[in-house]
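Each protein sequence line maps, in turn, to chains C and L. Be aware that the first sequence starts at 514, since it is given in the numbering used here, and climbs by one per residue. Be aware that the second sequence starts at 60, since it is given in the numbering used here, and climbs by one per residue. First up is the structure itself, then whatever we jot down about it.
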Amino acid sequence: MPKDQSIKSVLVIGSGPIVIGQACEFDYSGTQACRVLREEGVRVILINSNPATIMTDPEFADATYIEPITPDIIEKIIAKERPDAVLATLGGQTALNAAMALNELGIFEKYGTRLIGADIPAIKRGEDRDIFKKIVEKVGGESARSAICHSLEDCYAAVETLNYPVVVRPSFTMGGLGSGIAFDREELDLIAGAGLRHSPTTEVLLEESILGWKEYELEVMRDHKDNVVIVCSIENVDPMGVHTGDSITVAPALTLTDVEYQKLRDLSIEIIREVGVATGGCNIQFAVNPQDGRIIVIEMNPRVSRSSALASKATGFPIAKIATKLAIGYSLDEIQNDITQSTPASFEPTLDYIVVKVPRFAFEKFPEADPRLTTTMKSVGEAMAIGRSFPEALQKALRSVEKKGTSFTWRTPSLSREELVASVGIPTEFRLQQVQQLMALGASVEELHGLTKIDPWFLAQIEAINNAALEIAGASDLSAEVLLKAKRLGFADFQIAELRNIAESEVRGVRHRLGVKPVYKTVDTCAAEFEAHTPYHYSSYDLESEVIPRTKPAVIILGSGPNRIGQGVEFDYSCVHAAFALKAAGYETIMINCNPETVSTDYDTSDRLYFEPLTLEDVLEVIAAETQAGPVLGVIAQLGGQTPLGLARGLMDAGVTILGTSPNSIDLAEDRGQFGNVLDVAQLVAPKYGMAQSYEEAVTIAHEISYPVLVRPSFVLGGRGMEIVYDDESLRGFIERATQITPNHPVLIDRFLDDAIEIDVDALYDGEELFLAGVMEHIEEAGIHSGDSACVLPSASLNADMQKQIREATHKIASGVNVRGLINIQFAITRTNPGETGTLYVLEANPRASRTVPFVSKATGNPLSKAAALISVGRSIADLRKEGVLPITGDGVAHGISVKEAVLPWNRFRRVDGTGVDSVLGPEMRSTGEVMGIANTFGEAYAKSQSAAFGALPKSGNVFLSLSERDKEGSVEPARTLVNLGFTLFTTIGTHNYLASTGVQSTLVRKNSDSAAQGPSAVDIITNGTVQLVINTPLGRGTRHDGWLIRTASVQRQIPIITTIAGFKAAVAGISDITANDFSIKSVQEWSA
Amino acid sequence: MTKAYFVLDDGAIFEGESWACVGETFGEAVFSTGMTGYQETLTDPSYHKQVVVMTAPHIGNTGMNSTDEESRKIWVSGFVVRNPSPRVSNWRSEISLEESLIDAGVVGISGVDTRAITRHLRDRGAMRVGIFSGTELSREEMVIKVRQAPPMSGAFLAEDVSTPEKYIVPVPEGVEKRFTVAAIDLGIKSATPRHMSDRGIEVHVFPVGATKEEILAINPDGVFLSNGPGDPATMVDIVELVREFLLDSMPIFGICFGHQILGRALGFDTYKLPFGHRGINQPVKNLQSGTVEITAHNHGFAVAAPIDSNFTTVFGAGYVSHICLNDGVVEGLELLEKPAFSVQYHPESAAGPHDAAYLFDHFVEMMTKEKAGRSA
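See below:
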């Protein structure tokens, strides 16, 4: 049966903000779904609160709702749009949970619509551990022995039979949130206690430990005719005990015989049938005992997942796209394989290459956090690489992670052999590197298998890499033979250089002279059995290259690599838009990226895709290959964030044309002195600053500028290592830590503008004309990293004079830096009295696409990235106005009021003792994603943003306040408003007395540190659910114990917590609005109309 | 490290390293796309006289074990891999792959661009090949030697691989014996009698030269025609034997080579495919049920039969029951008036997915019906 003709409109539920465990893979799957549905003539209605996604661009749906993904909002959308069907299997756990909630509320029946993809009983069978376990037994499989528990008492009883260690898994949480391994009663209390709270059904599963077993995952698809195919098998290099998202994984599975693999395949098929996923994809995880092959079915996800994105990129089989087609009635044999264009989708991809995925972590952002890897996912992104051998793919993947210490090195390790032996047994971020170092020190495969349980096959491959390193180091000269062998094992030029103690460029020179160059193979789903029509390439040191000649001029777009804090989906957004715009403008677009979660690495996005590490070597080789294939216009490096920007200079030095803003301009903006000159010429001011190389020097400068000062190492990304210090002592503390971070780098000291308003500007410049796209005002005051601060567009407090000043300043800086494309400038405004224009300071300028580009694009309806891409190939803003890309006249104008809010991962991290990490905001960026709320009033927009960011503001109830001295005054008015709205305030002593003195009444609770006082403590009333909102503003950084207890209790109990007075004021504005009115909904298309 | 050369009869030469035995070997160059199951491939008699190129990049990871053998020995005449495993890791492994190949005297080559070779064969078709290692021959001399080797078309190989003596695969303990089947060994894989015996069939495996009388002597409920190497056009005697059984309404089930023989017995031609189907991911559509099976294939020849409608034969009407969705090749035949059917692919699936195991049940049903009809 072809398409189901009764489906004329579909509501697609997205996955919301990027959080750990749910990242841009759902933008990839959702974007594919929207594209497929529109191609099929279906009206697409979309809800997603995340403005940084590609799917929320107006062109991907007929009605796009950037609204909180909550049952009441979705009901409103259903009531208004009346979709024939709802698709919730492509938006991760968020969408699935929303669908479950809608079903509970009877919404689908009420409006005569239905779920497609997977139905509610199937979701329940897949996700409810008890039911799932019975299914596994029914089909002849085995589950780990386990017990379902709804209380800690249940847990204690269960452990009697299961014995320690036990695995704790809360039900219905994403990315394994709240799960862990308990080795004793104390750990059980901690982990199971938190798990019961995290689970929406207050349910955890305790399981026998299968730590150290081999772990596998199969991606399965089924259609309504009951055709089932296995798209991909994935094997974890890290054995059981580490969440799959945090494991290094490889596809296909490499250490199973056919007999063993077919058992997993048979079980997978039986399970998907029995669970009843009628159409679509799911993944099923297995553990295999390496001693005897006993198989245990771990779990299934009855939906498209992070692994599906990986499997799609690893095989060329687009799972989300096919799942969408299946959901609207097609069967697998009716769908064509895009890549071969001659064979159907009802087949199983076969790989003639190896794919390795390596996670990227952000522990450096959370120094308090326990660095051990467990069954709770902690990584923030991942890189994937493809090679013709496991060592090649592994080493490419490691360098794709783009983080110091990730690539193998043969320098003397910082840990001794004994220390390495002690540490490799515990999975951590750099365990594999430690394994490699320990082997380089002489440890055997057997010894390491004993310590780590990593399969000896993988260890032997690392041993081969180490042996090759010895040969490279010991070779009399770099012959073609030595180089080719090294390259086939994935060695980068910089690794060979390090081993030979010569420059990387010298290695490259010798290598090119000897003709040792990569060839480019194709990911084709079929191991070359059929001709591939999709140029999806990866490099390898082999014989034959498959890059075909072309005549159209090519533009090469550099992507942004693995997601990390400070560089996520928003940069992929810009790259993808550049690809679309340039393709439409008649160029051949070529994408280079290594992040499997993204839309940019979909083979449908650009004309050619190179799945390659974003290093100078790998990028130069692609450019060389493409230059042989046809004309190359140049490279766009300004859209993918810091990663491509960091390559621009090297590319230019190698003779590559950088399109748009030149690397010289980038340097100009980054160099304090040179940028200072630009500001001087423009008669603009920056806060006073100085550069210190010693503590003494720093103190002198700090006194000159006067405290508080903002200090940081000279080169940073996402505010890393930045701190506000208020006195000499904390300055000394910082210098000691900071100089450890980057030796031989001076420390920057800036005047910190206390209480200043921070402004973010995104603009386009073509050399003559400036298009001011958006002026955003931060809600949190200066000192909170712009990525973690909420912001509003249009800004509320700037008068016409200041707006004019900002426009002029932006124009002068864009011109002074010589931008061709996008520029982002951060300003600060200080005022002595409210209502006055104030003084404008320039904090920094970044001549590239910023994190806020998608937000501004959505709030104003102007496609900034497209415009930037076209400017970089020579179009003027005047041209773009004529072509309709930009408005005919004027700057960007916001439709309604849009608030962007950051989403922070506090609940993912714990300290080694099991307590929570502090949730206070600061100059260091720690958010993983963002949401947008759009409405006619600031209050409603802000309230929507909080709701979307998992911190819905209460409409009534109790609010707890504990404020630092300097914030007390500012809290009076919002506190009074809360009381007037009927809220009861709870306060600690200082706040209590202050508010009382202004006539605001509150109930006093004791501080936890004050054990002598009577009654419940601040933490008690948070933990026992008395309060619905917590306001706690700490002073500076070195937080006091009480504040930390309050904040971590709030995070654990999932009670919204606000840590700034500005945030408090905004929240009260939001509460005022929502107590008066219900949320309204309006699609992006309606806002722009 | 000894150099080795993979030399095709169109003159293309791929340079790699000697692996397993040093020496020279000849055969038909074919590629197999299975990511698992190299042991089953190596021991599948259908690969006799073939030089198999594995497209999966790492081969040998799980070693070799005695339970996964598909026959008594390794049959391939040469083995081509990108990365041989430096280490075996599997709890069932008994010996490494390279040791097994050396024991079997198989000449191999490693480190070659197997993808380039596969693309070459895909575009130009399967052809003769030689692997040379430790040789003094010039490139020209190697090509000449390859061209002197016998081609696969017209090759009669069944006698090489068939069992010298008849043997019986009994019904396993705990299973009731229901039928006796005469299986003609044209290169049978051990998984096939296992599938039958698990279903209550006592399998008598006959050498290729078995006469009708010898077969009837065991009073069989059905005849099974196995897979095997070679050109089906050379199997004149067996085709004649099958025709006689068809006239007798003897239930017949054929797999792969056996399917081609049934096809020829029905009067259809067989032809050589450009590069064959070899892998474990081939989508086959069951034209009766409309569902798709993911199946194991290993065939260089195919039956030319009409797909769109039923056909008529001297044994009555019949139809094409299965086709390959990748290229529309006939993958199954069934007669309507006689109890006979066959498939071009491998329902015994070792290596490969188990989607088509239901065909053995079909054979059981067919024999049940025939037996009931006869006793009625």
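Cβ atoms here follow ideal geometry from the backbone N, Cα and C, with glycine treated the same way.
Quick check on residue i: buried or exposed, where buried means 16 or more other Cβ atoms within 10 Å of its Cβ?
{"i": "residue 373 (chain L)", "result": "exposed"}
{"i": "residue 1551 (chain C)", "result": "Residue placement at residue 1551 (chain C) is poorly supported in this model, since its pLDDT is 43, which falls under 50; the coordinates are not used for a value here."}
{"i": "residue 930 (chain C)", "result": "exposed"}
{"i": "residue 1256 (chain C)", "result": "Note that residue 1256 (chain C) scores a pLDDT of 44, beneath 50, so its modelled location is shaky; the value from the coordinates is reported in the next line. So residue 1256 (chain C) ends up on the exposed side."}
{"i": "residue 87 (chain L)", "result": "buried"}
{"i": "residue 333 (chain L)", "result": "exposed"}
{"i": "residue 1505 (chain C)", "result": "buried"}
{"i": "residue 318 (chain L)", "result": "buried"}
{"i": "residue 1054 (chain C)", "result": "buried"}
{"i": "residue 195 (chain L)", "result": "exposed"}
Step through the CB atoms of chain L and report whether any lies within less than 8 Å of the CB of residue i.
{"i": "residue 864 (chain C)", "result": "yes"}
{"i": "residue 1034 (chain C)", "result": "yes"}
{"i": "residue 508 (chain C)", "result": "There is no way to answer for residue 508 (chain C), as the model of chain C reaches only from 514 to 1602."}
{"i": "residue 772 (chain C)", "result": "yes"}
{"i": "residue 1550 (chain C)", "result": "Any reading at residue 1550 (chain C) needs caution, since the residue's pLDDT is 44, under 50, leaving its predicted position unreliable; the model's value is listed next. No - not a single Cβ of chain L is within 8 Å of the one on residue 1550 (chain C)."}
{"i": "residue 869 (chain C)", "result": "no"}
{"i": "residue 859 (chain C)", "result": "yes"}
{"i": "residue 628 (chain C)", "result": "no"}
State yes or no: is the beta carbon of residue i nearer than 8 Å to at least one beta carbon in chain C?
{"i": "residue 260 (chain L)", "result": "no"}
{"i": "residue 420 (chain L)", "result": "no"}
{"i": "residue 87 (chain L)", "result": "no"}
{"i": "residue 109 (chain L)", "result": "no"}
{"i": "residue 183 (chain L)", "result": "no"}
{"i": "residue 318 (chain L)", "result": "no"}
{"i": "residue 78 (chain L)", "result": "no"}
{"i": "residue 155 (chain L)", "result": "no"}
{"i": "residue 216 (chain L)", "result": "no"}
{"i": "residue 104 (chain L)", "result": "no"}
Can you tell me where the beta strand (DSSP E) with residue i in it begins and where it stops?
{"i": "residue 897 (chain C)", "result": "894 to 900"}
{"i": "residue 662 (chain C)", "result": "659 to 662"}
{"i": "residue 342 (chain L)", "result": "328 to 345"}
{"i": "residue 1106 (chain C)", "result": "1101 to 1106"}
{"i": "residue 760 (chain C)", "result": "It is not in any beta strand (DSSP E) - residue 760 (chain C) carries neither H nor E in the DSSP assignment."}
{"i": "residue 1032 (chain C)", "result": "1032 to 1035"}
{"i": "residue 1593 (chain C)", "result": "It is not in any beta strand (DSSP E) - residue 1593 (chain C) carries neither H nor E in the DSSP assignment."}
{"i": "residue 1613 (chain C)", "result": "Since the displayed chain C opens at 514 and closes at 1602, residue 1613 (chain C) lies outside it and no answer follows."}
So residue i and residue j are in contact, right, with Cβ under 8 Å, and what is the actual spacing, rounded?
{"i": "residue 1325 (chain C)", "j": "residue 1197 (chain C)", "result": "7 Å"}
{"i": "residue 1377 (chain C)", "j": "residue 1277 (chain C)", "result": "7 Å"}
{"i": "residue 1003 (chain C)", "j": "residue 906 (chain C)", "result": "7 Å"}
{"i": "residue 481 (chain C)", "j": "residue 151 (chain L)", "result": "This structure cannot settle anything about residue 481 (chain C), because the visible part of chain C is limited to 514 through 1602."}
Residue i lies in the alpha helix (DSSP H); which residues open and close that run?
{"i": "residue 432 (chain L)", "result": "417 to 434"}
{"i": "residue 772 (chain C)", "result": "771 to 788"}
{"i": "residue 999 (chain C)", "result": "993 to 1001"}
{"i": "residue 1017 (chain C)", "result": "1017 to 1026"}
{"i": "residue 1323 (chain C)", "result": "1313 to 1330"}
Can we say the stretch 165 to 181 of chain L touches the stretch 1039 to 1046 of chain C, given the rule of at least three CB pairs closer than 8 Å? As far as the Cβ criterion goes, the stretch 165 to 181 of chain L touches the stretch 1039 to 1046 of chain C, which means the pair count is three or higher.
Quick test of the definition: if touching needs 3 or more C-beta pairs under 8 Å, does the stretch 850 to 861 of chain C touch the stretch 380 to 393 of chain L? The stretch 850 to 861 of chain C, when compared against the stretch 380 to 393 of chain L, does touch it at the 8 Å Cβ threshold.
Are at least three pairs of beta-carbons, each pair with one atom in the stretch 1102 to 1116 of chain C and one in the stretch 826 to 843 of chain C, less than 8 Å apart? The stretch 1102 to 1116 of chain C, when compared against the stretch 826 to 843 of chain C, does touch it at the 8 Å Cβ threshold.
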